[in-house]
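2 protein chains.
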Amino acid sequence: MKNNSEKNCRNNSRQQILATAITLFAHQGFDKTGLRELAKTAGVNLAMVNYFFGSKNKLLTEILDIFFSQYVDIARTTLSGDDELSVKLERFILKAIKFFAENREFLIIAITDLHHEDEEIIGHKSTWARQMFKIVELEICHRLAEERNLKLSPKLIMPMLTSIMSSRFLFSPVMEQIEDNETYDMSLQRYAETITAIVLDGILGQKVLR
Amino acid sequence: MKNNSEKNCRNNSRQQILATAITLFAHQGFDKTGLRELAKTAGVNLAMVNYFFGSKNKLLTEILDIFFSQYVDIARTTLSGDDELSVKLERFILKAIKFFAENREFLIIAITDLHHEDEEIIGHKSTWARQMFKIVELEICHRLAEERNLKLSPKLIMPMLTSIMSSRFLFSPVMEQIEDNETYDMSLQRYAETITAIVLDGILGQKVLR
DNA sequence: AAGTTAATCAAACGTCTGTTTAATTTAGTG
DNA sequence: CACTAAATTAAACAGACGTTTGATTAACTT
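Pasting the structure below:
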């Protein structure tokens, strides 16, 4: 109890800053969010951000770490094992999409600030990407090569899978602006199933009259 | 000749600003690129940017227009007609990927600054997305529904196709940091073929011993 | 050659940026 | 209660931001 309240007190401002940063970075972008706005929204003093995180960049990398460590973990647990490749992929896609849906804001920050040439950020991301690379290489690409003589690089598969799974969440701000007269089932469950089916069997390979 | 030099002179600075902006926005991001840096790199006076384009935002929307108008045009020309759906899709993917490769910088600007809640930018993008929506709905989704009883929303198909085709180019800054001991054929032609095959037949639906 | 329009320029506008400092408050320990 | 360390604060730092202004130069028309 004492230890708890102690840590709560110590980390209260820190946590508040982190949570607020995730929301603001995702909605406005990292660069468009000023530290003053962030501090005011989080209800803390401006200097607290640099006090707890060192710099704005460090705050971003900490957010990236939270996201990527979970994403890598999902890939590791769902893709390892001796199951059929289709089973593993289905497991991975389903779980990853649910993770993306529950962490939209993380996803947006992690993916859309992906290209900036900031050495600090790129280097940080590539550390996580390297881990994903190895998992995908071992569990997907080697299996495709052995079982189907399909030589595909993890550098192709990994971005492709991540992109296709996250497309719904990244495009949503624009898609919401478009009126749609026909009604489609766009539930998350159906979305995950559809993406899985397309990745496994393609648009044309799916069973007719499904 | 007179007309040419006239227009050349008039548009020289303007063109220079536009070309420089595309490079800088793509490499550093829109927000990280200041107008002073842009003007200096382009070799023009700072005030010229607002003189020719009105504002920094307008400069961005003009860049987006150049990209999206071509992208919509590619979709329209490759997807319309009475050919088989697989033929149309193959045509579209091949051409779009080549277009992306030749306009990487445009692509990065158009896609990665996609989520920012700036009303001006989002509204502008949704205008183009609406055109893509109609083409994809008419030429892909309706055909899938009629021929295969597959009810898929254009709001799913369009972001998915765009994401999967652009994944290579968007992830490249991070992927380049990863050393790869095995050698894969990553030529553009092979990339386009692979993406086409995966979209049409999925990862598992492809012919063994291909 | 005079008049008109477009293009270029340096300079300043007010505001916001991330970061640091030093003083102050708060809380926990002996 | 005194001591120590962590947390919080207001204030200032130097610089960058997008945009505007008014003067000046260049080019084209009549």
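From first to last, the protein sequence lines are chains A and B.
Each residue of the first sequence is one higher than the one before, starting from 275 at the first, in the working numbering.
Each residue of the second sequence is one higher than the one before, starting from 275 at the first, in the working numbering.
No residue lacks a Cβ here, since even glycine has one placed at the ideal position from N, Cα and C.
Look up residue i in the DSSP assignment and say whether it is helix, strand or coil.
{"i": "residue 453/A", "result": "coil"}
{"i": "residue 304/A", "result": "coil"}
{"i": "residue 314/B", "result": "helix"}
{"i": "residue 309/B", "result": "helix"}
{"i": "residue 424/A", "result": "coil"}
{"i": "residue 418/B", "result": "helix"}
{"i": "residue 430/B", "result": "helix"}
{"i": "residue 435/A", "result": "helix"}
{"i": "residue 298/A", "result": "helix"}
{"i": "residue 292/A", "result": "helix"}
{"i": "residue 478/A", "result": "coil"}
{"i": "residue 444/A", "result": "helix"}
{"i": "residue 282/A", "result": "At residue 282/A, the pLDDT of 45 sits below 50, so the modelled position is not reliable; the number obtained from the coordinates is stated separately. Residue 282/A falls in the helix class under three-state DSSP."}
{"i": "residue 483/B", "result": "For residue 483/B, the predicted model reports a pLDDT of 36, less than 50, meaning its position is unreliable; a value from the coordinates is still stated below. Reduced to three states, the DSSP call for residue 483/B is coil."}
In the DSSP assignment, find the alpha helix (DSSP H) that holds residue i and state where it starts and stops.
{"i": "residue 343/B", "result": "330 to 353"}
{"i": "residue 322/B", "result": "321 to 327"}
{"i": "residue 475/B", "result": "462 to 475"}
{"i": "residue 413/B", "result": "Looking at the DSSP string, residue 413/B is not in any alpha helix (DSSP H), and its letter there is neither H nor E."}
Would you please state the rounded distance, in angstroms, between the beta carbons of residue i and residue j? I believe it to be under 8 Å.
{"i": "residue 297/A", "j": "residue 391/A", "result": "Residue 297/A to residue 391/A, Cβ: 26 Å. No contact."}
{"i": "residue 338/A", "j": "residue 323/A", "result": "Residue 338/A to residue 323/A, Cβ: 16 Å. No contact."}
{"i": "residue 476/B", "j": "residue 382/A", "result": "Going by Cβ atoms, the distance from residue 476/B to residue 382/A rounds to 27 Å, so no, they are not a contact pair."}
{"i": "residue 468/B", "j": "residue 426/A", "result": "7 Å"}
{"i": "residue 411/B", "j": "residue 354/B", "result": "Their Cβ separation, rounded to whole angstroms, is 13 Å, which puts residue 411/B and residue 354/B out of contact at 8 Å."}
{"i": "residue 447/B", "j": "residue 431/A", "result": "That belief does not hold up - the Cβ atoms of residue 447/B and residue 431/A are roughly 18 Å apart, past 8 Å."}
Looking only at C-alpha atoms, which of the options sits nearest to residue i?
{"i": "residue 394/B", "options": "431/B, 330/B and 373/B", "result": "330/B"}
{"i": "residue 304/A", "options": "387/B, 351/B, 325/B and 343/B", "result": "387/B"}
{"i": "residue 307/B", "options": "333/B, 437/B and 424/B", "result": "333/B"}
{"i": "residue 368/B", "options": "299/B, 440/B, 449/B and 314/B", "result": "440/B"}
{"i": "residue 424/B", "options": "432/B, 430/B and 415/B", "result": "415/B"}
{"i": "residue 325/A", "options": "422/A, 309/A and 315/A", "result": "309/A"}
{"i": "residue 462/B", "options": "320/B, 293/B and 376/B", "result": "376/B"}
{"i": "residue 352/B", "options": "420/B, 449/B, 363/B and 340/B", "result": "363/B"}
{"i": "residue 384/B", "options": "315/B, 437/B, 458/B and 358/B", "result": "437/B"}
{"i": "residue 474/A", "options": "398/A, 434/A and 456/A", "result": "434/A"}
{"i": "residue 314/A", "options": "301/A, 300/A, 290/A and 328/A", "result": "290/A"}
{"i": "residue 374/A", "options": "285/A, 402/A, 409/A and 442/A", "result": "442/A"}
{"i": "residue 341/A", "options": "318/A, 422/A, 317/A and 399/A", "result": "399/A"}
{"i": "residue 360/A", "options": "417/A, 450/A, 371/A and 345/A", "result": "417/A"}
{"i": "residue 506/A", "options": "357/A, 452/A, 453/A and 350/A", "result": "With chain A represented from 275 up to 484, any question about residue 506/A goes unanswered, as that position is not in the structure."}
{"i": "residue 408/B", "options": "302/A, 288/A and 452/A", "result": "452/A"}
{"i": "residue 464/A", "options": "316/A, 357/A, 294/A and 371/A", "result": "371/A"}
{"i": "residue 321/A", "options": "346/A, 299/A, 348/A and 287/A", "result": "287/A"}
{"i": "residue 422/B", "options": "479/A, 450/A, 459/A and 444/A", "result": "479/A"}
{"i": "residue 455/B", "options": "460/A, 457/A and 428/A", "result": "428/A"}
{"i": "residue 404/B", "options": "366/B, 460/B, 365/B and 346/B", "result": "346/B"}
{"i": "residue 444/B", "options": "300/B, 420/B and 344/B", "result": "300/B"}
{"i": "residue 343/A", "options": "328/A, 295/A, 406/A and 319/A", "result": "406/A"}
{"i": "residue 327/A", "options": "366/A, 356/A, 358/A and 285/A", "result": "285/A"}
{"i": "residue 457/B", "options": "470/A, 419/A, 294/A and 449/A", "result": "419/A"}
Just list the alpha helix (DSSP H) runs in the stretch 357 to 399 of chain B, keeping only unbroken ones of 4 residues or longer that don't cross its boundaries, in chain order.
Listed in chain order, the complete alpha helix (DSSP H) runs (minimum 4 residues) inside the stretch 357 to 399 of chain B are 359 to 376 and 378 to 386.
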